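Per our numbering, residue 6 is the first one in the sequence shown, and the count goes up by one each step. We put the beta carbon where it would ideally sit given N, CA and C, even for glycine. This structure is a prediction, so every number in the text was calculated from the model and none was measured.
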Amino acid sequence: MTQEDFDDIRPYNDSEIPAALTRITEDKYFAEIVKYLFPAKDVNEYACEFKKIQNVEQFQVQVMDAVLKKILKETVNEFTYSGIENFSNEHPCMQISNHRDIMLDSALLQYILYYNNLNTSQITFGSNLMRPQIVVDIGKINKMFKIVRGGTARELFLNSLKVSEYMRFTITQQGESTWIAQRNGRTKDGVDKTEIGVLKMFAMSSKKNFVENLNELNITPIAISYEYEPCDFLKTREMYLSRRQAYIKQEGEDLMSILQGIQQYKGNINYTICKPISYQELENCAKFPQQEQFKVLALLIDDRIYEGYKLFKTNYIAHDLLNEKSDFEDKYSQEEKQKFIAYMNAGLNKIDGDVDELRQIFLGIYANPVDAKS
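Pasting the structure below:
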């Protein structure tokens with residue numbers, strides 16, 4: 006296979022970037038984005054500077070690095086990470102993580118890679134997020150490739166096969182890592198569990214046996230932890246409404262979530278890059294009946310992520326409030342507890358619905374990781 010076989014899903018090549026940059030600068034949202042990200046810059050002058058970018062690396066260094074530094078400075082108290090020794094340019098991998106924020110989860114991973122002299126990875130990008138055009142252009146310049154959502158059973162199969170083939174091609178032929186979430190869409194309830202279907206999709210692109218097939222991808226789990234959950238009140242509202250009827254997203258809702266995730270205060274953030282799934286561990290999975298092998302692998306990845314997940318005071322406070330206990334009162338002060346309660350009440354007061362149920366859902370988002378890790 007060659008890169009041309011994936012023209013409908015792959016990121017932009019360097020030759021396609023000038024046209025994309027022009028489209029971005031002519032978009033109606035461009036001036037608003039520049040004013041928010043770079044308030045001291047003149048929009049027209051920045052547009053001229055922006056269009057001089059010639060390749061992906063320049064875009065990531067000149068634009069994304071500045072964007073992420075601003076986000077970290079204005080909305081994050083402390084950003085920490087560990088396990089960087091589990092990555093290397095010589096051994097590209099399938100990076101699989103829990104997923105809490107549409108943009109930041111993968112973007113901050115690239116930040117870590119760049120500042121450790123590691124190649125940035127290619128990133129999955131759901132087709133449901135690929136609008137308006139400015140989002141598509143920014144994403145595809147930033148090494149994002151498309152996963153098509155929806156369609157008939159046959160269309161889903163063919164789309165999954167193509168994504169599987171592309172990720173394997175990227176890792177084994179191009180020598181680049183790829184990032185994908187452990188599930189289809191963000192975790193809304195704080196319960197991070199790997200979907201078996203995602204792992205089966207990995208394997209679709211090879212006829213090798215279970216062990217050789219997946220070992221070739223060098224699966225490397227990553228645990229992402231936020232002190233303040235991005236879009237926590239939006240997620241609370243969505244889960245509340247979903248209990249009553251099928252939840253249908255409004256036009257522009259994903260874009261609103263992206264913007265809120267960027268702007269919302271997140272407190273502390275931690276990334277734990279876990280040890281890759283070893284050949285021997287895959288052999289242990291293969292000892293189970295064929296129908297159980299992917300389930301066992303999913304549990305293994307979950308254990309890695311739970312072990313690497315960092316609990317914050319917000320998690321312990323929420324767990325005690327939800328269960329009406331004081332099991333973790335040594336983890337926080339009463340002042341911190343009252344601050345969190347005030348934060349919760351202020352946000353929930355803006356959502357229509359049963360107050361007690363909304364409170365239970367909200368607290369569950371923060372409390373569930375405590376149960377998962379214990």
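Flag this pair as yes or no: are the beta carbons of residue i and residue j separated by less than 9 Å?
i, j, result
"L134", "I263", "yes"
"Q138", "D12", "no"
"L26", "I146", "yes"
"A303", "E200", "yes"
"A186", "S132", "no"
"T225", "I143", "no"
"F174", "M6", "yes"
"G88", "G313", "yes"
Could you tell me which residues DSSP puts in a beta bridge with residue i?
i, result
"E83", "N273"
"G266", "According to DSSP, G266 bridges with nothing at all."
"T225", "Q100"
"F130", "K151"
"S211", "Partner(s): none; S211 has no beta bridge."
"S230", "N275"
"I185", "I101"
Taking the beta carbon of residue i as the centre, do at least 16 other beta carbons fall within 10 Å, making it buried, or is it exposed?
i, result
"N121", "exposed"
"R136", "exposed"
"D309", "Note that residue 309 corresponds to Arg in the displayed sequence, not to Asp. With 16 or more Cβ atoms within 10 Å of its Cβ, R309 is classed as buried."
"F55", "buried"
"P374", "buried"
"L163", "exposed"
"A323", "buried"
"K167", "buried"
"Q179", "exposed"
"Y321", "buried"
I'd like the list of long-range same chain contacts for residue i, defined as Cβ closer than 6 Å, with 5 residues on each side in sequence excluded.
i, result
"T358", "The amino acid at residue 358 is misidentified as Thr; the sequence shows Gly. Taken in chain order, the residues that qualify are Y245."
"L118", "T125"
"R311", "It is worth fixing the name first, because residue 311 is Tyr in this sequence and not Arg. So the list reads A377, K378, once near-sequence residues are dropped."
"I274", "V81, F84, Y231"
Please look up how many angstroms separate the CB atoms of residue i and residue j, rounded, as I've assumed it's under 8 Å.
i, j, result
"Q380", "I22", "There is simply no residue 380 to check, as the chain begins at 6 and stops at 379 in what is shown."
"I107", "R191", "7 Å"
"Y371", "G156", "In fact, because the Cβ distance is near 35 Å, the residues do not count as touching under 8 Å."
Going along the chain, which residues of its own chain have a beta-carbon closer than 7 Å to the beta-carbon of residue i, five neighbours each way excluded?
i, result
"P235", "R105, D106, L109, G266, Q269, K271"
"N220", "Y284, L287"
"K344", "none"
Take residue i and list the residues in its own chain whose beta-carbon comes closer than 8 Å to its own, dropping the five residues that flank it on each side.
i, result
"M99", "M172, I176, S182, T183, I185, F207, L222, N223, I224, T225"
"Y86", "I117, N275, Y276, T277, I278"
Within 9 Å (strictly less), CB to CB, does residue i reach chain C?
i, result
"K151", "Any reference to chain C falls outside this structure, which holds one protein chain only."
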